[in-house]
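For what it's worth, full-length UniProt numbering labels the leading residue of the sequence shown as 1, then goes sequentially. Cβ atoms here follow ideal geometry from the backbone N, Cα and C, with glycine treated the same way. Below is one structure; the comments refer to it alone.
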Amino acid sequence: MDVPELWSQIVRWLERHAPVTAAALRPPAQEPVFGELESEFAVDLPAELRALWTCCGGTDPDVLADVLPPFYTPYGAERALHAWRDHRKNWTAQWERPACDYYAGSPGSSFHPLWIPVAGDGFADELVVDLRPGRLHGCVLEWEQETAQVLRPEWTGVAAMLADVDRALSRGVPAGHSYPTVTEDGRLDWQIS
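Following this line, the structure appears as structure tokens:
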């Protein structure tokens, strides 16, 4: 399945089973201007990421909707760019070269400019798409602010991440190390196994 189809299935499941979470999600206000984003990020965006931002506008800035395990709210393109700019301020002030290997998917102990944020936990941790070169180009990593590191790829790409979430929701099985549950008030929640 492709990214728009997977995202649509996830949203439909949320509408039926976790309506509060579904209501928090927004379609893009307008299709992102990918040329401007690529110019700012200084990288070509993979098709899967473009497809996600074409159908997912994230949520209102103050609203959390933990659609992605274990506790991440998806970003639209505008929020992703804002988060990336915040990281850029930090890495420009603190170091010239991030403490990371050259190749995608490798561990790192500082935020790399070729990591594009796609979801956040409302504090400082994020899921990022790794656009460094190599065979894992496009994989999804979990950036942990407190430890200032990523360890290993969580998923091989955006489509793999969404397929894992869709499978977890539709079958009640884990996605990564988290099981989907729905709270009494209609929110999707992920229980770490």
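Going by C-alpha to C-alpha distance, which of W13, D164, M1, F71 sits closest to I192? F71
Span of the beta strand (DSSP E) holding P19? P19 -> not in any beta strand (DSSP E); alpha helix (DSSP H) instead, spanning 19-24.
For L68, write down the residues that DSSP places opposite it in a beta bridge. Y72
N- and C-terminal bounds of the alpha helix (DSSP H) containing E144: That residue, E144, is in no alpha helix (DSSP H); it is neither H nor E in DSSP.
When we look at the beta-carbon of Y103 and count the other beta-carbons within 10 Å, is it buried (16 or more) or exposed? exposed
To the nearest angstrom, report how far apart P107 and W143 are at their CA atoms. Using only the alpha carbons, I get a separation of about 10 Å.
Are V11 and L162 touching if we call contact CB-CB under 8 Å? no
Classification of L131 by the beta-carbon crowding that lies within 10 angstroms, buried from 16 upward: buried
Applying the 10 Å Cβ sphere with the 16-neighbour rule, what's the burial state of A29? Looking at its Cβ environment, which holds fewer than 16 other Cβ atoms inside 10 Å, A29 is exposed.
Sequence-distant residues of its chain with Cβ nearer than 6 Å to P69 (five each side left out): A175, G176, S178, W190
In the DSSP assignment, what are the bridge partners of S178? Partner(s): A175, I192.
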